[in-house]
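Data block below; observations after.
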Ligand code: BES
Ligand code: MN
Ligand code: ZN
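Numbering (the working numbering), first residue to last: 1050 to 1539.
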């Protein structure tokens, strides 16, 4: 697969360097940089435009053959300065493309400020244009070089390096999810993961249907049996800890490359959205890529179950009973509740083989979580309060918000089957996100575990602070990278 790379080059340069377009940050206090204070043209432009330094306010002032941009920086001391700064960087990038700047520099002084602005600008600049054959250059982003004038360039570059690693990884995740399902299907996806991650020294294994059958993964295989495409499981191992034998942390992802619903087929309106039903798996792949790229000092395992849920003559039927790798039998009452069937075997395999510190799974699992939390927060369910808190806090730091939902015996009773150990949906209405999680919980073997239902978060139907519209978000990469950085590196 041809990879979509970042749109512009990021540079850090000494304060004296000059560019065609120079951007100055001005906050609500409206204190102008020294070199502009005595300039009557600047004063006139500010007066006429009523520029007040508020966030999202910009003005361009033409001075001879060059121009300057004043970018509203809003509050002087914002709450979450890191997030705030990233979002300003994102807005500046957008504005610069709006005024068709090609080569621009932002006066930043401070290295951390510059690195975070650059990171935000990159994340927001993501485009997915490879399938446009007729777009003219003037319809594409203009910006080619974005430099930051800083006091200490070396320090800025050092601060930026790990952020750039994460941005590249988020792009990778967004690419996989945004690609159409005739291009990214279990086999092509698995091969691409292997190609991309092996480069970084990650060990990548691919299991095919024969191997999964031997392992007893009847739950995952049942989902893929109505598809022409072979189901795959990809196992990724990154050993960055000083102690190569250190117990790993583990991440598991739902990779349904397309979800028609199977025999319990979905209505055609909106079915196209189900190409992003592999968002959980892409977050895991992106995370592994991020950890290896920034040489995180941790041992981490990623497991993704890749299938296509299709309704052919061999497809599984509502009321089929399958046997999972755990030995538990599952009555499949609805073939559209397939993500949990994939994860059941992926989770069991993961804990059985790696005995990790914990497992965190990510999945676009239920429409119900979108009803509950919309496109603003992902659902978080866990059997461990400490892990849940760590996740929640990491999410607040990076702006990938989570909200915890309960688990409990009452919900678990809703998925007892009349004929097998468990059924894949609840017959009672309500709490669909929780009953899905209860199902997963039966396959974690009492390991510390958290489940993130990202159904509302994987795709940007609306502009988000650090994601453009109509592409995948890469949700989860930053969050989990931060979780690891906060608590699990030596
Ligand atoms: N992939 C869907 C969930 C989904 C919905 C993801 C909307 C993203 C946006 C999942 O496989 C599914 O179909 N879930 C069903 C479960 C139901 C049959 C119990 C749902 O949520 O309707
Ligand atoms: Mn489904
Ligand atoms: Zn699905």
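All C-beta atoms, glycine included, are put in the ideal place defined by N, C-alpha and C.
Bear in mind the structure is a predicted one, so any value in this text is a computation, not a measurement.
Please go through the same chain and pick out, in chain order, the residues whose beta-carbon is closer than 7 Å to the beta-carbon of residue 1339, but skip the five residues on each side of it.
Locating residue 1339 in the chain shown gives position 290, counting from the first residue. These residues qualify, in order along the chain: 1214, 1215, 1218, 1526, 1530.
According to DSSP, what are the bridge partners of residue 1378?
Position 329 of the chain shown holds residue 1378. Its beta-bridge partners are 1372.
Can you tell me whether residue 1433 sits near the ligand ZN, meaning its C-beta is under 6 Å from at least one heavy atom of the ligand?
Sequence index remark: in the chain shown, residue 1433 carries index 384 (1-based). Incorrect: residue 1433 has no Cβ contact closer than 6 Å to the ligand ZN.
Just how far apart, CA to CA, sit residue 1127 and residue 1133?
Position 78 of the chain shown, counted from the first residue, corresponds to residue 1127. Position 84 of the chain shown, counted from the first residue, corresponds to residue 1133. Distance between the alpha carbons of residue 1127 and residue 1133: 7 Å.
By Cβ distance, which residues of its chain are closer than 6 Å to residue 1252, with the 5 residues on each side in sequence left out?
Numbered from 1 along the chain shown, position 203 holds the residue referred to as residue 1252. So the list reads 1286, once near-sequence residues are dropped.
If you count every other CB in all the chains shown that lies within 10 Å of the CB of residue 1235, and 16 or more means buried, which is it?
Numbered from its first residue, the chain shown carries residue 1235 at position 186. The residue is buried, with at least 16 neighbouring Cβ atoms inside 10 Å.
The ligand BES heavy atom lying under 6 Å from the CB of residue 1386:
Taking the chain shown and counting its residues from 1, one reaches residue 1386 at position 337. Yes.
Any contact of the region 1409-1421 with the region 1379-1395, i.e. 3+ C-beta pairs under 8 Å?
yes
Measure the C-alpha to C-alpha separation of residue 1147 and residue 1109 and round it to an integer number of angstroms.
Indexing the chain shown from 1 puts residue 1147 at position 98. Indexing the chain shown from 1 puts residue 1109 at position 60. Approximately 11 Å, taken between the alpha carbons.
Pairwise C-alpha distance: residue 1492 and residue 1374
Taking the first residue of the chain shown as 1, we reach residue 1374 at position 325. Taking the first residue of the chain shown as 1, we reach residue 1492 at position 443. Roughly 9 Å between the two C-alpha positions.
Confirm the yes/no value for this check: CB of residue 1308, any heavy atom of the ligand BES, distance under 6 Å.
Stepping through the chain shown from its first residue, residue 1308 is reached at position 259. Under cutoff, so the answer is yes.
Out of 1520, 1162, 1368, 1197, state which residue places its alpha-carbon closest to the alpha-carbon of residue 1466.
As a first step, residue 1466 must be located in the chain shown, where it is residue number 417. Here the closest residue by C-alpha is 1368.
I believe residue 1523 touches residue 1222 by the beta-carbon criterion, under 8 Å. Please report the beta-carbon distance rounded to the nearest angstrom.
Counted from its first residue, the chain shown places residue 1523 at position 474. Counted from its first residue, the chain shown places residue 1222 at position 173. Indeed, because the Cβ distance is near 4 Å, the residues count as touching under 8 Å.
Less than 7 Å separating the beta-carbons of residue 1102 and residue 1075?
The residue given as residue 1102 occupies position 53 in the chain shown. The residue given as residue 1075 occupies position 26 in the chain shown. Their beta carbons are under 7 Å apart, which means residue 1102 touches residue 1075 by this criterion.
Between the C-alpha atoms of residue 1185 and residue 1137, what's the straight-line distance to the nearest angstrom?
For this step, residue 1185 is matched to residue 136 along the chain shown. For this step, residue 1137 is matched to residue 88 along the chain shown. Whole-angstrom Cα-Cα distance: 28 Å.
Kindly give me the distance between the Cβ atoms of residue 1382 and residue 1284, rounded to whole angstroms, as I take these residues to be in contact under 8 Å.
Position 333 of the chain shown, counting from 1, holds the residue named residue 1382. Position 235 of the chain shown, counting from 1, holds the residue named residue 1284. The pair is not a contact, with the Cβ atoms about 30 Å apart (cut-off 8 Å).
Please find out if some non-hydrogen atom of the ligand ZN comes closer than 6 Å to the beta-carbon of residue 1305.
Mapped onto the chain shown, residue 1305 falls at position 256. Answer for residue 1305: yes, Cβ within range of the ligand ZN.
When you compare the CB positions of residue 1199 and residue 1130, do they come within less than 7 Å of one another, or not?
Translated into positions along the chain shown, residue 1199 becomes position 150. Translated into positions along the chain shown, residue 1130 becomes position 81. No.
How should residue 1385 be labelled, buried or exposed, when 16 other C-beta atoms within 10 angstroms of its C-beta is the threshold for buried?
Numbered from 1 along the chain shown, position 336 holds the residue referred to as residue 1385. Per the 10 Å Cβ criterion, buried.
Cβ-based neighbour list, residue 1453, same chain, cut-off 6 Å, excluding 5 preceding and 5 following
For the purposes of this step, residue 1453 is taken as residue 404 along the chain shown, with counting starting at 1. Cβ within range, chain order: 1429, 1437.
Using only the alpha-carbon positions, how far apart do residue 1536 and residue 1150 sit?
The residue labelled residue 1536 in the question sits at position 487 within the chain shown. The residue labelled residue 1150 in the question sits at position 101 within the chain shown. Answer to the nearest angstrom: the Cα atoms are 41 Å apart.
Taking just the CA atoms, how far does residue 1322 sit from residue 1336?
Translated into positions along the chain shown, residue 1336 becomes position 287. Translated into positions along the chain shown, residue 1322 becomes position 273. Their backbone Cα atoms lie some 23 Å apart in a straight line.
I'd like the span of the alpha helix (DSSP H) that includes residue 1540, first residue to last.
Outside the displayed range of the chain (1050 to 1539) lies residue 1540, so it cannot be described from this structure.
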